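Chemist:
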Amino acid sequence: MLQGKLSHSFWQVEEEKITTWRELEKKLEQNFGETKEKLKPTLADLESAIQKEINLTPTKAGEFFQLPNSFQHPLIYGDYDADGITSSYILATLLRHLSFPCQLFLPHRQNDGYGVNSKTLSRLKKAFYFDLLITIDNGVNDLPLLENLKKEGQGVAVIDHHSLKRQPSHLDFFLHNTHTSAAGLALALAFYGYQKNIISRQVWLELLQLASIGVLADQMPLRGFNYVVAKLGLESLNREGPLNPGLTALLKQASWSKEYFDEYILNFIIIPRLNAAGRIGSANLALKLLSTRKENLLESLSREIERLNHQRQLSTEEYLNDYQNEVEQLGNFLLLYQEDIPEGIIGLIANQLSQKYRRPAVVITGKGELKGSVRSPAIFHLTQTLRHFDDLFLSLGGHQKAAGFSLKEDKLEALKHSLKNERVSLKMEEKNAHFISPSLLEEKLVYLVNDYHPFGVARPRPFFFLDEFQARKIYPLGQGGKHYKLFLKQEKNSPPFLIFNLPSTFSPSTIQKLIFTPEINHFNHQQYPQFRIVDLL
Ligand SMILES: [Mn+2]
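Each number in our numbering comes from the position in the sequence shown (counting from 1) with 5 added on.
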């Protein structure tokens, strides 16, 4: 999003101008904490990350591969978001290749809630016959219940990445690590399956592609293991195309025809659609889509998911419009409570509000027992801040930028009061921009930066500041006079600069100081290097 003149305080421009390629390469290496040589990870890098970072050794993985010796009927208990769905699929595929076919259950966001509870468990026992319950992407929050189940003679395995309060005792298998997402953990197990020829290369690559989706969906820092998974997954998506037919069907319904895959397609096309199923329908739709190979089902399920995604977008907008006057300002917080907002979209609405007003936003729904979701664009730890009034909540969880809670309705006024008196700073994250000389504005800059893909959490996209821009040629793009392609006067070999949504206070010929990011436009199997202007100073 183009910030226009808003942004002086937002950009942190380096003082020293980069004038040589060597300096630039050093800057990028510093930025990412990696040398250029390490940017092409291999399976050997993945294996060492699995052992060192995920702490999954061959011996430990062996325990998992032994489970079929003790049990006959496994049931996977997953989660309703994109990480929960992809991790459940990866694990189920691995079990199938172990000749240990499993049943799958994903809880319903509204009806069951997150994790395992005794109500859902007794429902499960009636609906399925299983002698081994495998929770994935949940479980560490419900250890007492699960340990009890184990005491009653039931097999229990837990694979989870949420923060652990204490070590479990007497489970049949326990894999826990907070460095990656559940899909990352499932993939680490599948890696040993691939190594032991339990799964073929084709299946391995399909699972790798899906794991890259799960890791990005849960916003894991793209360093070490997560970086290798994301990089190898995207590489395979580009080389082999999507290997999961459900993914192909989903992209077709989304009218995504480009042959090129990057983090944008994962973050903005695939992940919201997988999540939409669990937000306003049932996550089982998305899991079924990934699992089926039947043409008619691929068609009908992907169509239904596309419809749900559209509905999610519309209802987020509708509720925002209908209730914008109901948003209360409480100190530095915004709060919206309406009992009829669907639980699946309160996080999306909180996100929109926090982006629009640049302050933390709380959106609450329900009656009796309320559910809340909080998002913040500012630099402070949201979940830790909310813990200041921990005693108000029935439950509270989350991380720095996002939190979720449940609360008794009679505590709502106390919550409002506490938020109003909570003094959080509204300082926004500054972004770094390297000051660059026009002499480096060549295609080479685009390709150097491109090697560091994918960008994301803990792996920020590089931005550059240019203070002596002069346009040689200006071409309007499309109608409306808002988008332009500009060519630089000083460097004849420079790729074009593109600007979208030029604020009306600027004319393209007067642009002098700008922030841009190098990128490649993939079109018709061709690569077009370009510089996208993201801000004007
Ligand atoms: Mn997860």
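Glycine included, each C-beta is placed from N, C-alpha and C at the ideal position. As the structure is a prediction and not an experimental result, all values here were calculated from the model.
#1: Name the two residues that bound the continuous beta strand (DSSP E) containing Ile285.
#2: Does the distance from the C-beta atom of Asp136 to that of His175 stay below 8 Å?
#3: Note the first and the last residue of the continuous alpha helix (DSSP H) segment covering Leu295.
#4: Please list, in chain order, all residues with a C-beta atom less than 5 Å from at least one heavy atom of ligand 1.
#5: So, do the stretch 213-222 and the stretch 189-201 have three or more beta carbon pairs nearer to each other than 8 Å?
#6: So, at 6 Å on beta carbons, what are the nonlocal neighbours of His167 in its own chain, with the 5 sequence-adjacent residues on each side left out?
#7: Using 8 Å as the threshold, is the stretch 200-217 in touch with the stretch 235-253, meaning 3 or more CB pairs across them?
#8: Kindly list the residues whose CB is nearer than 7 Å to the CB of Gly461, restricted to its own chain and excluding five residues on each side of it in sequence; keep chain order.
#9: If we require 4 or more residues per run, which alpha helix (DSSP H) segments fall completely within the stretch 442-477?
#10: To the nearest angstrom, report how far apart Ile204 and Glu211 are at their CA atoms.
#11: Take the Cβ of His530 as the centre, count every other Cβ of all protein chains shown within 10 Å, and call the residue buried at 16 or more, exposed below.
#12: Take Val454 and list the residues in its own chain whose beta-carbon comes closer than 6 Å to its own, dropping the five residues that flank it on each side.
#13: For Asp456, which residues from the same chain have a beta carbon less than 6 Å from its beta carbon, with the 5 sequence-adjacent residues on both sides left out?
#14: Terminal residues of the continuous alpha helix (DSSP H) containing Leu431?
#15: For Ala259, I'd like the list of residues in its chain whose CB is within less than 6 Å of its CB, leaving aside the five on either flank, ordered along the chain.
#16: Considering only the beta carbon of each residue, do Leu519 and Pro513 sit closer than 8 Å?
#17: List the whole-angstrom C-beta distance separating His439 from Glu19, where the pair is believed to meet the contact cut-off of C-beta under 8 Å.
#18: In whole angstroms, what separates the C-alpha of Lys490 from that of Lys406?
#19: Are Phe179 and Ile55 touching if we call contact CB-CB under 8 Å?
#20: For Leu310, tell me which candidate among Gly483, Leu325, Ser287, Thr25 has the shortest Cα-Cα distance.
#21: Between Val539 and Ile276, what straight-line distance do the alpha-carbon atoms span, to the nearest angstrom?
#22: Compute the Euclidean distance between the alpha carbons of Thr321 and Ala282, then round it to the nearest angstrom.
#23: What residues in its chain sit with their C-beta under 6 Å from that of Ala162, if we drop five residues either side in the sequence?
#24: To the nearest angstrom, how far is the alpha carbon of Leu401 from that of Phe394?
#25: Secondary structure at Asp395, three-state DSSP: helix, strand or coil?
#26: Looking only at C-alpha atoms, which of Leu111, Ile479, Arg284 sits nearest to Arg128?
#27: Does the Cβ of Ser93 have 16 or more other Cβ atoms within 10 Å, making it buried, or fewer, making it exposed?
#28: Closer than 6 Å by C-beta to Gln115: which residues in its own chain qualify, once you throw out the five before and the five after it? Chain order, please.
#29: By the three-class DSSP mapping on this structure, what secondary structure does Thr64 have?
#30: By the three-class DSSP mapping on this structure, what secondary structure does Ala408 have?
#31: Who does Arg380 pair with in a DSSP beta bridge?
#32: Using a 10 Å radius around the Cβ and a threshold of 16 neighbouring Cβ atoms, would you call His13 buried or exposed?
#33: Would Asp142 pass as a contact of Gly198 if the rule is Cβ separation under 8 Å?
Modeler: The structure says:
#1: First-last for Ile285: 276-285, but that is the alpha helix (DSSP H), not the beta strand (DSSP E).
#2: no
#3: 288-296
#4: Asp88, Asp142, Ser186, Ala187, Asp223
#5: yes
#6: Val145
#7: yes
#8: Leu221, Leu227, Glu268
#9: If only complete runs of 4 or more residues are kept, the stretch 442-477 shows the alpha helix (DSSP H) at 448-455, in order along the chain.
#10: Going from the Cα of Ile204 to the Cα of Glu211 covers about 11 Å.
#11: With fewer than 16 other Cβ atoms inside 10 Å of its own Cβ, His530 counts as exposed.
#12: Pro467, Pro523
#13: Sequence-distant Cβ neighbours of Asp456 in its own chain, meaning closer than 6 Å and more than five residues away, are Leu44.
#14: Note, Leu431: premise wrong, no alpha helix (DSSP H); not H, not E.
#15: Excluding positions up to five away in sequence, the list reads Ile274.
#16: no
#17: 5 Å
#18: 35 Å
#19: no
#20: In the sequence as presented, Leu is not what sits at residue 310; that position holds Ile. The candidate whose alpha carbon is nearest that of Ile310 is Ser287.
#21: 24 Å
#22: 15 Å
#23: Ile139, Asp177, Phe178
#24: 10 Å
#25: helix
#26: Considering only alpha carbons, the answer is Leu111.
#27: Residue environment: Ser93 is assigned as buried (16 or more neighbouring CB atoms within 10 Å of its CB, all protein chains considered).
#28: Glu348
#29: helix
#30: strand
#31: Within the DSSP secondary-structure output, Arg380 pairs in a beta bridge with Ala366, Ala407.
#32: Residue placement at His13 is poorly supported in this model, since its pLDDT is 48, which falls under 50; the coordinates are not used for a value here.
#33: no
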